[in-house]
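In terms of our numbering, the numbers along the sequence shown are unbroken and rise by one, the last being 849.
Below is one structure, written out as structure tokens; comments come after it.
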Amino acid sequence: MIILNNKTYASSAEIFFELFNDKLKLMVVWLLLNNPLRFKELATALAPLTNKTLTIKLRELEELHIVSREVFAEVPPRVEYSLTAHGASLRPVIAEILAWSQSYALEFGTTKEEI
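Structure below.
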């Protein structure tokens, strides 16, 4: 049994599935793996996602200490999102998920030529 933020979990798997309870959070982490991005860059990559939904997901990831938000004192203001050390530690996890999904798609998917 694990207690985290005054909540009891049966396993670490339960914690992971609650932290990443939707695909958008993992997609944001994946987009930020290589370099920091501005809000507009994230929004473009995740279109047709609404700005409101993206803002909510970014705030949730900030609260989880996975993403950090840096505001630069410029005119106009510039804001960049990047992974924290905890967020960056997800790199091998995401790499394994992507390798598995590619293998799955090759085995069970079809190509455009086959359709």
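Backbone N, C-alpha and C define an ideal beta-carbon position, used for all residues, glycine too.
Note that this is a predicted model, so its numbers are computed, not measured.
Which term fits residue i, buried or exposed, when burial requires 16 or more other beta carbons within 10 angstroms of its beta carbon?
i    : result
I737 : exposed
I790 : exposed
G843 : exposed
Y838 : exposed
L832 : exposed
L840 : exposed
Near residue i, which residues of its chain fall below 8 Å by C-beta distance, leaving aside the five closest residues on each side in sequence?
i    : result
V813 : R772, F773, R803, E804, V805 and F806
Please state whether the Cβ-Cβ distance between residue i and residue j is less than 8 Å.
i    : j    : result
L780 : L788 : yes
L776 : V763 : no
V801 : L817 : yes
P770 : Y815 : yes
G821 : L766 : yes
Return the first residue and the last residue of the alpha helix (DSSP H) that residue i is part of.
i    : result
F754 : Here F754 belongs to no alpha helix (DSSP H), and DSSP marks it neither H nor E.
L832 : R825 to F842
T787 : N785 to E797
L776 : F773 to A779
Just to confirm the assignment, what range does the beta strand (DSSP E) spanning residue i have?
i    : result
I736 : I736 to L738
E814 : R812 to L817
K741 : K741 to Y743
E804 : V801 to F806
Leaving aside the five residues before and after residue i along the sequence, list all residues of the same chain whose C-beta is less than 7 Å from its C-beta, in chain order.
i    : result
L798 : L753
I749 : I736, L738 and Y743
Taking only heavy atoms of the ligand MG into account, decide whether any of them is closer than 7 Å to the Cβ of residue i.
i    : result
R793 : Absence of the ligand MG from the depicted structure is noted, as is the absence of any ligand whatsoever, leaving it without description.
So, does the CB of residue i fall closer than 8 Å to a CB anywhere in chain C?
i    : result
E794 : Given the protein chain composition of this structure (a single chain), no chain C is represented.
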